[in-house]
Amino acid sequence: MLNDDLSHEVVAVDIEDAIRCNADCMAVQGFIGADGQLQSIDNLSRVINEGIRYSIPTMGVVAVGKNMERTDRYFKLATRILAEIGVNIVKTYYCENFEEVAAACHVPIVVAGGKKLPENEALTMAYRAMSEGAHGLDM
Numbered sequence: 002m003l004n005d006d007l008s009h010e011v012v013a014v015d016i017e018d019a020i021r022c023n024a025d026c027m028a029v030q031g032f033i034g035a036d037g038q039l040q041s042i043d044n045l046s047r048v049i050n051e052g053i054r055y056s057i058p059t060m061g062v063v064a065v066g067k068n069m070e071r072t073d074r075y076f077k078l079a080t081r082i083l084a085e086i087g088v089n090i091v092k093t094y095y096c097e098n099f100e101e102v103a104a105a106c107h108v109p110i111v112v113a114g115g116k117k118l119p120e121n122e123a124l125t126m127a128y129r130a131m132s133e134g135a136h137g138l139d140m
């Protein structure tokens with residue numbers, strides 16, 4: 002599994018389970034530009050529509066596989082696509098020119114923690130992300 006392309010994911014928890022667990026939000030990864038892009042867009046679409054039916058928001062997670070680019074150009078495109086598909090929140094990574102990424106996305110953005118950083122670096126990244134348009138962090 003570690004060597005597999007993770008972009009071919011399936012939805013593991015259905016809406017009834019989310020309701021039973023009293024979920025405040027559902028999260029689905031979007032593998033924009035990956036081999037499994039269409040499957041991930043289908044997953045997002047189905048979860049978004051089910052969430053709308055039961056008033057549970059959906060967070061689209063910008064997935065970056067092993068061989069996927071991690072540029073501001075990619076993050077700007079991927080976050081915008083997830084927002085246009087209909088997610089309520091986008092979770093992505095902090096990058097160079099993050100302010101442009103945040104400005105191009107019309108829904109709130111939460112920044113993923115990524116790899117473990119020393120405390121001062123993590124706090125600096127958090128400060129910059131929030132200053133440049135992030136609505137929160139997931140660390």
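The numbering of the sequence shown is our numbering, which starts it at 2 and goes up by one.
All C-beta atoms in this analysis are idealised placements derived from N, C-alpha and C, irrespective of residue type, glycine included.
The structure presented is a predicted model; accordingly, all values stated were derived computationally and were not measured.
>> So the candidates are Thr59, Leu78, Gln38, His136; which of them puts its Cα closest to the Cα of Glu10?
In response: Gln38
> Alpha carbon to alpha carbon, what distance is there between Thr125 and Ile49?
Replying inline: 33 Å
> According to DSSP, is Leu138 helix, strand or coil?
Replying inline: strand
> In terms of DSSP beta bridges, what is Leu59 paired with?
Replying inline: Looking at the sequence itself, residue 59 is Thr, so the reference to Leu does not match. Among the bridge pairs identified by DSSP, Thr59 is matched with Met27.
>> Only counting the same chain, and skipping five residues up and downstream in sequence, which positions put a Cβ closer than 7 Å to that of Pro109?
In response: Ile90, His136
>> Can you look up Val112 in the DSSP assignment and give me helix, strand or coil?
In response: strand
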